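Asks: In mature numbering (1 follows the signal peptide of the UniProt record, and there is no 0), the protein residues as written are -19 to -1, 1 to 95.
Using N, Cα and C, we set each Cβ at its ideal position, and we do this for glycine too.
Note that the structure is a prediction, hence the values are computed from the model and not measured.
Provided herewith is a single structure, encoded as structure tokens, for subsequent inquiry.
Okay, here's the thing in structure tokens:
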């Protein structure tokens, strides 16, 4: 099983895992690289529905990220980012008066075995 498969299995096939991260001492960090986009870091501190999850794009300041049962979303300025870590991992980027673009890539997680 490849790294993206492990991540998808860990994060999305088991919603309790995200809920469990709320009580974990360490946050769950997921790093994604999508085609033509800077590296993205998703940090799950409180799990699904919590208000302390964040997204960082490149070297910019992290912003709040909403975590649902199968999608994560965040707003950066006028752009909306919607993540699906199902295979293949992808992010849809939308902005007012522009077409929504979807990018595919790979993600790795601190939950993955070494």
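Starting from the Cα of residue 8, find the closest Cα among 33, 21, 61, 82 and give me that residue.
Replies: Of 33, 21, 61, 82, the residue nearest in Cα terms is 33.
Asks: Apart from the five residues just before and just after residue 23, which ones in its own chain have a Cβ nearer than 6 angstroms to its Cβ?
Replies: Same-chain partners within the cutoff: 11, 36.
Asks: Specify the secondary structure class of residue 83 as computed by DSSP and reduced to three states.
Replies: Residue state, collapsed to three classes: strand.
Asks: Could I get the ranges of all uninterrupted beta strand (DSSP E) runs contained in the segment 24 to 94, with 3 residues as the minimum, in chain order?
Replies: If we require 3 residues or more, the beta strand (DSSP E) runs fully inside the segment 24 to 94 come out as 35 to 38, 44 to 48, 53 to 57, 60 to 65, 70 to 75, 82 to 90.
Asks: Cα-Cα, which of 38, 81, 45, 19 is closest to residue 30?
Replies: Ranking 38, 81, 45, 19 by Cα distance to residue 30 puts 45 first.
Asks: Would a C-beta distance cut-off of 8 angstroms place residue 87 and residue 17 closer than the cut-off?
Replies: No; because the gap between Cβ atoms is not below 8 angstroms, this pair is not in contact.
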